[in-house]
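S.K.: Following the working numbering, the numbering of the sequence shown begins with 663 at its first residue and continues without gaps. Sharing a structure with you now.
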Amino acid sequence: MIPVEFDYVAPDSLDEALTALRDGGEDAKVLAGGHSLIPLMKLRLAAPTLLVDLRRVQGLTGIQRENGHFRIGAMASHYAVSQEPGLGLAALAASTIADPQVRYRGTLGGTLAHGDPASDMPAILLAAEGSVTVRGAEGAREVAAADFFQDYLTTAVGEHEILTEIRLPAMDGYGFAYEKFNRRQEDWAMMAVGVMVSKAPDGSCADVRVGLTHMAGVPLRATEVEQALRGQSLSPEAIARASEAAAEGTDPPADLNASADYKRHLARVLCRRALETAAAAA
Ligand SMILES: Cc1cc2nc3c(=O)[nH]c(=O)nc-3n(C[C@H](O)[C@H](O)[C@H](O)COP(=O)(O)OP(=O)(O)OC[C@H]3O[C@@H](n4cnc5c(N)ncnc54)[C@H](O)[C@@H]3O)c2cc1C
């Protein structure tokens, strides 16, 4: 379908973009890669009166390592993230997003700001205990991942604000794995599990992070699995026991592809597989 008519600007600086957003009123929207917003506009599920395109704004695409963290510009594409090996699990998860066209145009800031629980990257930000920088007229604020995803398609980005940067801790020494379940290679996740594991010198589990995609209206951490393994053995039996708790506290949406119970089953099975792979790699 054809979207409702809208105005379009492509400012050169962040300040100009923020001014355009504010002047555009409540129906002005930021445009990043357009791979979620444009389809919604074509379906007439979104009808912004003004699009403020960020593609010309300087300084929003870099990926730098600094003081144990990666600073990633909001307009960094999924492809760029997938090509940065130091990003570990984030790079691996980004490489599973759709097809090359989507990965070249879709952005990390866009997918996080959009807050779709079926997206791959939100659960990774949450599990890594990363954060984002959000800029508005009043200045910049940093929001921890745990406070960022508030509800289905609802994040901490306010009406006239722009997400400018993502901070991800460099998880040096962690083994990682991403298990994404879909019908075809390039589909969205029915559900997915991202795992990071580090080992103590005696081989036991020093730290473990488990992020769950599409198991509720927001990304989740499988905290019971993490608690069961931290400081304990990483034997196959211990991993299998801990993984039984992977669906605790989840509320997966049933859809055409899978019932809620099937997604809970997938969470347990894929959590075990991801933990085994990550533990072997740690
Ligand atoms: C065919 C297809 C398959 C896909 N498969 C997958 C998949 O398997 N896994 C997956 O994770 N994703 C998938 N996607 C979505 C893709 O990852 C999108 O890139 C992503 O959801 C949105 O990023 P974007 O840069 O395109 O944002 P846009 O579509 O431009 O924007 C999305 C929303 O976020 C807001 N926004 C964007 N950037 C900012 C910012 N910096 N600050 C404030 N607000 C902002 C916009 O106003 C809009 O409301 C798929 C998309 C398509 C079209």
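For glycine and all other residues, C-beta sits at the position ideal for the given N, C-alpha and C.
Skipping 5 residues on each side, what residues in its chain have a beta carbon closer than 6 angstroms to that of alanine 936?
M.R.: For this step, residue 936 is matched to residue 274 along the sequence shown. Its chain contains Ala839, Glu841, Val855 and Val857 as the residues whose beta carbon lies nearer than 6 angstroms to that of alanine 936, once the 5 sequence neighbours on both sides are disregarded; these appear in chain order.
S.K.: Starting from the C-beta of serine 757, find all residues in its chain whose C-beta is less than 7 angstroms away, skip the five residues before and the five after it, and write them out in chain order.
M.R.: Reading the sequence shown from its first residue, position 95 is the one you call residue 757. These residues qualify, in order along the chain: Ser744.
S.K.: Considering aspartate 813, what are the terminal residues of the beta strand (DSSP E) in which it resides?
M.R.: As a working mapping, residue 813 is identified with position 151 in the sequence shown. In this chain, the beta strand (DSSP E) harbouring aspartate 813 covers 811-813.
S.K.: Less than 8 angstroms separating the beta-carbons of histidine 697 and valine 794?
M.R.: Working through the sequence shown from its first residue, we reach residue 697 at position 35. Working through the sequence shown from its first residue, we reach residue 794 at position 132. No, these two residues do not count as a Cβ contact at 8 angstroms.
S.K.: Return the residue from the list His776, Arg797 and Ser905 that minimises the CA-CA distance to glutamine 812.
M.R.: Numbered from its first residue, the sequence shown carries residue 812 at position 150. It is His776.
S.K.: Do glutamate 848 and alanine 760 have their CB atoms nearer than 8 angstroms?
M.R.: Indexing the sequence shown from 1 puts residue 848 at position 186. Indexing the sequence shown from 1 puts residue 760 at position 98. The answer is yes: Cβ separation under 8 angstroms.
S.K.: Write down every uninterrupted run of the alpha helix (DSSP H) in the segment 837-879 whose length is 4 residues or greater and which is fully enclosed by it, in chain order.
M.R.: none
S.K.: With H, G and I counted as helix, E and B as strand and the rest as coil, what does DSSP make of threonine 711?
M.R.: Sequence index remark: in the sequence shown, residue 711 carries index 49 (1-based). Three-state result, threonine 711: coil.
S.K.: Going by DSSP, what residues sit across from threonine 795 in a beta bridge?
M.R.: The residue given as residue 795 occupies position 133 in the sequence shown. DSSP output for threonine 795 lists Glu804 and Glu827 as bridge partner(s).
S.K.: For isoleucine 664, is the classification buried or exposed, using 16 other Cβ atoms within 10 angstroms of its Cβ as the cut-off for buried?
M.R.: In the sequence shown, counting from the first residue as 1, residue 664 sits at position 2. That one is exposed.
S.K.: Report the rounded CA-to-CA distance for valine 946 versus proline 747, giving the unit in angstroms.
M.R.: Not covered by the structure: residue 946. The range shown for the chain is 663 to 944.
S.K.: Does DSSP put alanine 818 in a helix, in a strand, or in coil?
M.R.: Against the sequence shown, residue 818 aligns to sequence position 156. DSSP places alanine 818 in the coil class of the three-state scheme, outside both helix and strand.
S.K.: Spell out the partners DSSP gives isoleucine 734 in its beta bridges.
M.R.: Within the sequence shown, the letter at position 72 stands for residue 734. Answer is Ile725 and Ile828, bridged to isoleucine 734.
S.K.: Enumerate in chain order the residues of its own chain whose CB-to-CB distance from serine 781 is below 6 angstroms, with the five nearest sequence positions on each side excluded.
M.R.: Position 119 of the sequence shown, counted from the first residue, corresponds to residue 781. So the qualifying residues of the chain are Thr773.
S.K.: Please tell me whether glycine 771 and isoleucine 725 are closer than 8 angstroms, where the distance is taken between their beta carbons.
M.R.: Numbered from 1 along the sequence shown, position 109 holds the residue referred to as residue 771. Numbered from 1 along the sequence shown, position 63 holds the residue referred to as residue 725. No, these two residues do not count as a Cβ contact at 8 angstroms.
S.K.: Have a look at glutamate 906 and alanine 679 and give me their C-alpha separation to the nearest angstrom.
M.R.: Here residue 906 corresponds to residue number 244 of the sequence shown, with the count starting at 1. Here residue 679 corresponds to residue number 17 of the sequence shown, with the count starting at 1. Their backbone Cα atoms lie some 48 angstroms apart in a straight line.
S.K.: Find out if the Cβ-Cβ distance for the pair arginine 690, leucine 683 is shorter than 8 angstroms.
M.R.: Here residue 690 is taken as the residue at index 28 of the sequence shown, counted from 1. Here residue 683 is taken as the residue at index 21 of the sequence shown, counted from 1. In the sequence under discussion, the amino acid at residue 690 is alanine, which differs from the arginine named in the question. The answer is yes: Cβ separation under 8 angstroms.
S.K.: Between which two residues does the beta strand (DSSP E) containing leucine 705 stretch?
M.R.: Position 43 of the sequence shown, counting from 1, holds the residue named residue 705. Looking at the DSSP string, leucine 705 is not in any beta strand (DSSP E), and its letter there is neither H nor E.
S.K.: Given alanine 940, which residues of its chain have a CB within under 6 angstroms of its CB, disregarding the five upstream and five downstream residues?
M.R.: In the sequence shown, the residue the question calls residue 940 occupies position 278. These residues qualify, in order along the chain: Gly837, Phe838, Ala839, Val857 and Val859.
S.K.: With a Cβ-Cβ cutoff of 8 angstroms, do valine 796 and glutamate 823 count as a contact?
M.R.: Translated into positions along the sequence shown, residue 796 becomes position 134. Translated into positions along the sequence shown, residue 823 becomes position 161. Cβ atoms of valine 796 and glutamate 823: closer than 8 angstroms.
S.K.: State the Cα-Cα distance for the pair alanine 810 and leucine 787, rounded to the nearest angstrom.
M.R.: What you label residue 810 is simply residue 148 of the sequence shown in a count that begins at 1. What you label residue 787 is simply residue 125 of the sequence shown in a count that begins at 1. A quick correction: the sequence has phenylalanine, not alanine, at residue 810. Their Cα atoms are separated by approximately 10 angstroms.
S.K.: Going by Cα to Cα distance, which pick from Ala789, Met853 and Ala944 is closest to tyrosine 924?
M.R.: The sequence position of residue 924 within the sequence shown is 262, counting from 1. Among Ala789, Met853 and Ala944, the Cα nearest to that of tyrosine 924 is on Met853.
S.K.: Would you call the CB atoms of histidine 676 and alanine 694 closer than 8 angstroms?
M.R.: What you label residue 676 is simply residue 14 of the sequence shown in a count that begins at 1. What you label residue 694 is simply residue 32 of the sequence shown in a count that begins at 1. For the sequence presented, residue 676 should be read as leucine rather than histidine. Contact flag unset, no.
S.K.: Between Arg767, Ala908, Ala802 and Asp913, which lies nearest to alanine 878 when the distance is taken from Cα to Cα?
M.R.: For the purposes of this step, residue 878 is taken as residue 216 along the sequence shown, with counting starting at 1. The residue with the shortest Cα to Cα distance from alanine 878 is Asp913.
S.K.: Can you name, in chain order, every residue of its own chain whose Cβ lies under 7 angstroms from the Cβ of leucine 699, other than the five neighbours on each side?
M.R.: Position 37 of the sequence shown, counted from the start, is the residue given in the question as residue 699. Result list for leucine 699: Lys691, Leu693 and Ala708, in chain order.
S.K.: Output needed for alanine 922: all residues of its chain with C-beta closer than 6 angstroms, excluding positions within five of it in sequence on either side, in chain order.
M.R.: Mapped onto the sequence shown, residue 922 falls at position 260. Contacts found: Pro914 and Ala916.
S.K.: Taking DSSP as the reference, what is the three-state secondary structure of threonine 885?
M.R.: For this step, residue 885 is matched to residue 223 along the sequence shown. Helix, per DSSP.
S.K.: Can you grab the Cα-Cα spacing for the pair glycine 798 / glutamate 688, in whole Å?
M.R.: Counted from its first residue, the sequence shown places residue 798 at position 136. Counted from its first residue, the sequence shown places residue 688 at position 26. Computed Cα separation, rounded: 14 angstroms.
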